[in-house]
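Enquirer:
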Amino acid sequence: MNKSLYVTFLFFSLLLLQVFVFNNILFLGYINPYIYIAFVIFNPLKEERFSFLFLSFLLGLFLDFFSDSGGINAFSLLFVAYIRLFLIRVIFKKTSLDYLLFNLRNEPFGKVFNFVIITIVIHHFLLFLIASFSFNNISSILFQTLYSSIFTAILFFLGTSLLRNKK
Amino acid sequence: MQQIAYFIQKYKYFLFFVFLSAIALGLTINNNDFHKSKFISSANSITGGLYEKSTQLTEYLHLKSYNKELIDENTLLKNQLDLLKIRLDSATEVTVIDSLKYHQKYSYVAGRIIKNDYHKQNNFLLIDLGSNQGVLSEMAVMNSRGLIGITDQVNKKYARVQSILNSNSKINARLKNSFHFGTLVWNGKNYNKVQLIDIPRQANVQIGDTIITGGKSTIFPEGILIGTVQEINHNNALSEIDIKLFNDMSNIGYVYVVKNLDKSEIKSLENTENE
């Protein structure tokens, strides 16, 4: 598939899914999956990163528009977008020569699992920390991060396995 | 010069990242300030329109509870009307001036909630009323079961409401059976409970007492229901009272926006007092 078309499709489908489906789940009253983080995980690797960083920022900003939350989604998604390359270098031991052929499907599941979980936890922790804007209720931030991360991870792996079986 | 160019070349992604995150953090800080949150709000035509479409789809699921609410309110109003009729019948004087019309202080507009949040630290709702319907910033929003919030961002067709479940909301409230008043805030933990602070110590508060709005602001009429006292913490000089809301904030559909017809008069008086 054409890569820019794929990114555009990913952008809008994740935006609408998150706003109209996943923001309304509220399992046990406050646990939500933040599945739009798949944009950062699935985005094709490139040496040039301006467009990727900017699109991640934009996706977060659009989510903030919908949920009246200032810039918390924009910041947390931008942050994981920025550190994605470091994570891939550390976990998958890739150099800049491998970027073009890199595909999560061809990597061993254990490494992919580590990569996804670390991304999700960092993103969720930042999201809840900036949303409450203080360290006063750090315990509730940590619990929210834990529960929501588990929920997001389950949905993410279920979703990817479903989509993979079709192909 | 070459050094600077080399530096920018080397850290260009990092500089771009810092630039974008500064924007994001700036927006977050602005959003915490009631009067500054101009840029990012769902009260614009694109997000408002999309939310309205999705509400039209899901509204049918809640029709039963909305009907129940309406019937309850009708019963209450009919009872009050009968009470008034009895009083009017027994009065022998015939007043020529229609006092209702001349002393009306508030008028109500009915609207529908098209987006509701209650699980975040700072919650906002979106209603399908805007300046076309005469709704302006800083107007009270309520329903038959009690208080909901205050409008802040308004455009032609939609208005954003700062919910009472918002850590920046501060609302004047008092006990129903005495005139001791305090401030209503929310600690962000449970969406069924808000906190009443700054209530004087000599106020005799019992568990189960009803809390209503105090009417000491130009926004709220006096006597809008809020909730009942659930727990009283007297551990320090400032007592904090937990209040269970009458409204289930996770399940609200139709609301009234309260317009204060005397607002400009009251405001002008308050301004002369300050000078």
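Sequence lines, in order, name chains A and B. Reminder that position 100 of the first sequence reads as 100 in this note's numbering, one-by-one numbering, no gaps. Reminder that position 249 of the second sequence reads as 1249 in this note's numbering, one-by-one numbering, no gaps. We treat Cβ as the ideally placed atom computed from N, Cα and C, and that holds for glycine. Computed from a predicted structure; not experimentally measured.
#1: With distance defined between alpha-carbon atoms, name the residue in B:N1187, B:N1190, B:H1180 and B:K1216 nearest to T1210 (chain B).
#2: Within 8 Å of any Cβ in chain B, is that where the Cβ of R105 (chain A) sits?
#3: Less than 7 Å between C-beta atoms, sequence neighbours within five positions excluded: which residues of the same chain meet that for A38 (chain A)?
#4: With distances taken from CA atoms, which of A:T119, A:F75 and A:V19 is nearest L1050 (chain B)?
#5: If you drop the 5 nearest sequence neighbours on each side, which residues of the same chain put their C-beta closer than 7 Å to that of F1014 (chain B)?
#6: On the three-state DSSP scale, how would you describe R89 (chain A)?
#7: At least one CB of chain A closer than 8 Å to the CB of A1024 (chain B): is that the case?
#8: If you drop the 5 nearest sequence neighbours on each side, which residues of the same chain put their C-beta closer than 7 Å to that of L78 (chain A)?
#9: Report back the beta-carbon spacing between E1222 (chain B) and D1128 (chain B) to the nearest angstrom; my notes put them in contact at under 8 Å.
#10: When you compare each of A:Y147, A:L163, A:L17 and A:S140 to F27 (chain A) by their alpha carbons, which one comes out closest?
#11: Can you name the start and end residues of the alpha helix (DSSP H) that I41 (chain A) belongs to?
#12: Out of B:G1253, B:T1183, B:A1110 and B:Q1202, which one is the CA nearest neighbour of H1062 (chain B)?
#13: May I ask which residues mark the beginning and end of the beta strand (DSSP E) holding A1005 (chain B)?
#14: CB R1145 (chain B) to CB N1271 (chain B), shorter than 8 Å?
#15: Apply the 10 Å Cβ neighbour rule to K1085 (chain B) and answer buried if 16 or more other Cβ atoms are within range, or exposed otherwise.
#16: Counting along the chain, where does the alpha helix (DSSP H) carrying D64 (chain A) start and finish?
#17: In its own chain, which residues sit with a C-beta less than 7 Å from the C-beta of S1239 (chain B), not counting the 5 before and 5 after it?
#18: What does the alpha-carbon distance come out to for the pair N1031 (chain B) and I1004 (chain B)?
#19: Using the Cβ count rule (16 or more neighbours within 10 Å means buried), how would you classify I988 (chain B)?
#20: I'd like to know whether the C-beta of L1027 (chain B) is nearer than 8 Å to at least one C-beta of chain A.
#21: Name the chain A residues that come within less than 7 Å of S1054 (chain B), Cβ to Cβ?
#22: State the beta-bridge partners of L1245 (chain B) as determined by DSSP.
#23: Determine, using beta carbons only, whether L1225 (chain B) and V1194 (chain B) come nearer to each other than 8 Å.
#24: Whose CA, out of A:I35, A:L10 and A:F9, lies closest to the CA of V21 (chain A)?
#25: Taking contact to mean at least 3 C-beta pairs separated by less than 8 Å, is the region 60-71 of chain A in contact with the region 107-114 of chain A?
#26: Taking 8 Å as the CB-CB limit, is Y99 (chain A) close to chain B?
#27: Closer than 6 Å by C-beta to I1207 (chain B): which residues in its own chain qualify, once you throw out the five before and the five after it? Chain order, please.
#28: Please decide whether L1020 (chain B) counts as near chain A, where near means a Cβ-Cβ distance under 8 Å.
#29: Using a Cβ-Cβ distance cut-off of 8 Å, determine whether L126 (chain A) contacts chain B.
#30: Taking the alpha carbon of G1130 (chain B) as the reference point, which residue from B:Y1066, B:A1159, B:K1105 and B:G1149 has its own alpha carbon closest?
#31: Pairing CB atoms from the region 129-149 of chain A with CB atoms from the region 91-103 of chain A, are three or more of them under 8 Å?
#32: Look at the Cβ atom of S1065 (chain B), then the Cβ atom of N1192 (chain B), and state whether they are nearer than 8 Å.
#33: Would you list the one or two residues that DSSP bridges to N1143 (chain B)?
#34: Could you say if the region 79-90 of chain A and the region 1134-1145 of chain B meet the contact criterion of at least three C-beta pairs nearer than 8 Å?
#35: Can you pull the chain A residues whose beta carbon is under 8 Å from the beta carbon of H1119 (chain B), in chain order?
#36: Output the boundary residues of the alpha helix (DSSP H) element that contains I1207 (chain B).
Expert: In brief:
#1: As a working mapping, residue 1210 (chain B) is identified with position 210 in the second sequence. Of the candidates B:N1187, B:N1190, B:H1180 and B:K1216, the residue whose Cα lies closest to the Cα of T1210 (chain B) is B:H1180.
#2: Your numbering for residue 105 (chain A) matches position 105 in the first sequence. Taking CB atoms only, R105 (chain A) has no neighbour in chain B less than 8 Å away.
#3: Numbered from its first residue, the first sequence carries residue 38 (chain A) at position 38. Cβ neighbours of A38 (chain A) beyond the five flanking positions: L14 and F156.
#4: As a first step, residue 1050 (chain B) must be located in the second sequence, where it is residue number 50. Ranking the options by Cα distance to L1050 (chain B), first place goes to A:V19.
#5: In the second sequence, counting from the first residue as 1, residue 1014 (chain B) sits at position 14. For F1014 (chain B), there are no CB contacts under 7 Å within the same chain when 5 residues up- and downstream are skipped.
#6: Along the first sequence, one-based indexing puts residue 89 (chain A) at 89. DSSP places R89 (chain A) in helix when its eight states are reduced to three.
#7: By one-based count along the second sequence, residue 1024 (chain B) stands at place 24. Yes, because at least one Cβ of chain A sits closer than 8 Å to the Cβ of A1024 (chain B).
#8: Against the first sequence, residue 78 (chain A) aligns to sequence position 78. Excluding five sequence positions before and after L78 (chain A), the CB atoms of its chain that fall closer than 7 Å to its own CB belong to L53, S56, F57 and G60, given in chain order.
#9: For the purposes of this step, residue 1222 (chain B) is taken as residue 222 along the second sequence, with counting starting at 1. For the purposes of this step, residue 1128 (chain B) is taken as residue 128 along the second sequence, with counting starting at 1. Cβ atoms of E1222 (chain B) and D1128 (chain B) stay farther apart than 8 Å, at about 28 Å.
#10: In the first sequence, the residue the question calls residue 27 (chain A) occupies position 27. For the residues A:Y147, A:L163, A:L17 and A:S140, the minimum Cα distance to F27 (chain A) belongs to A:Y147.
#11: Residue mapping note: residue 41 (chain A) aligns to position 41 of the first sequence, counting from 1. For I41 (chain A), the enclosing alpha helix (DSSP H) has its first and last residue at A38 to F42.
#12: Translated into positions along the second sequence, residue 1062 (chain B) becomes position 62. Here the closest residue by C-alpha is B:G1253.
#13: Numbered from 1 along the second sequence, position 5 holds the residue referred to as residue 1005 (chain B). Segment Q1002 to K1010 is the alpha helix (DSSP H) holding A1005 (chain B); no beta strand (DSSP E) there.
#14: Along the second sequence, read from residue 1 onward, the residue named residue 1145 (chain B) stands at position 145. Along the second sequence, read from residue 1 onward, the residue named residue 1271 (chain B) stands at position 271. With contacts defined as CB atoms closer than 8 Å, R1145 (chain B) and N1271 (chain B) fail to qualify as a contacting pair.
#15: Numbered from its first residue, the second sequence carries residue 1085 (chain B) at position 85. Exposed is the label assigned to K1085 (chain B), since fewer than 16 other Cβ atoms lie within 10 Å of its Cβ.
#16: Here residue 64 (chain A) refers to the residue found at position 64 of the first sequence. Note, D64 (chain A): alpha helix (DSSP H), F50 to S67.
#17: Position 239 of the second sequence holds residue 1239 (chain B). Exclusion of the five residues before and after S1239 (chain B) leaves I1199, R1201, I1232 and N1233 as the residues of its chain whose Cβ lies within less than 7 Å of its Cβ.
#18: Numbered from 1 along the second sequence, position 31 holds the residue referred to as residue 1031 (chain B). Numbered from 1 along the second sequence, position 4 holds the residue referred to as residue 1004 (chain B). Computed Cα separation, rounded: 35 Å.
#19: The requested residue 988 (chain B) is not part of the displayed model; chain B covers only 1001 to 1275.
#20: The count along the second sequence starts at 1 and reaches residue 1027 (chain B) at position 27. Judged by the 8 Å Cβ criterion, L1027 (chain B) is in contact with chain A.
#21: On the second sequence, residue 1054 (chain B) is found 54 positions in, with the first residue counted as 1. For a Cβ distance threshold of 7 Å, residue set F20 of chain A lies close to S1054 (chain B), ordered along the chain.
#22: Along the second sequence, one-based indexing puts residue 1245 (chain B) at 245. Here L1245 (chain B) is bridged, per DSSP, to B:G1227.
#23: Here the question's residue 1225 (chain B) lines up with position 225 in the second sequence. Here the question's residue 1194 (chain B) lines up with position 194 in the second sequence. Their beta carbons are not under 8 Å apart, which means L1225 (chain B) does not touch V1194 (chain B) by this criterion.
#24: If you number the first sequence from 1, residue 21 (chain A) lands on position 21. The residue from A:I35, A:L10 and A:F9 with its alpha-carbon nearest to that of V21 (chain A) is A:I35.
#25: With a cut-off of 8 Å, the region 107-114 of chain A and the region 60-71 of chain A do not count as touching, because too few Cβ pairs lie within range.
#26: In the first sequence, the residue the question calls residue 99 (chain A) occupies position 99. Judged by the 8 Å Cβ criterion, Y99 (chain A) is not in contact with chain B.
#27: Working through the second sequence from its first residue, we reach residue 1207 (chain B) at position 207. For I1207 (chain B), where only same-chain residues beyond five positions count, the Cβ hits under 6 Å are V1229.
#28: The count along the second sequence starts at 1 and reaches residue 1020 (chain B) at position 20. Yes, its Cβ sits closer than 8 Å to a Cβ of chain A.
#29: For the purposes of this step, residue 126 (chain A) is identified with residue 126 of the first sequence, where counting begins at 1. Chain B, which has no Cβ nearer than 8 Å to the Cβ of L126 (chain A), makes this no.
#30: Within the second sequence, residue 1130 (chain B) is the residue found at index 130, counting from 1. Nearest option by C-alpha distance: B:A1159.
#31: For the pair of segments examined, the region 129-149 of chain A was found not to touch the region 91-103 of chain A: the number of CB pairs separated by less than 8 Å stays below three.
#32: Your numbering for residue 1065 (chain B) matches position 65 in the second sequence. Your numbering for residue 1192 (chain B) matches position 192 in the second sequence. For S1065 (chain B) and N1192 (chain B), no; Cβs fall outside 8 Å.
#33: In the second sequence, residue 1143 (chain B) corresponds to position 143, counting from 1. Residue pairing by DSSP puts N1143 (chain B) in a beta bridge opposite B:G1146.
#34: With a cut-off of 8 Å, the region 1134-1145 of chain B and the region 79-90 of chain A do not count as touching, because too few Cβ pairs lie within range.
#35: Looking up residue 1119 (chain B) in the second sequence gives position 119. Among the residues of chain A, those whose CB is under 8 Å from the CB of H1119 (chain B) are L26, G29, Y30 and N32, following chain order.
#36: Locating residue 1207 (chain B) in the second sequence gives position 207, counting from the first residue. Careful: I1207 (chain B) lies outside any alpha helix (DSSP H) and carries neither H nor E.
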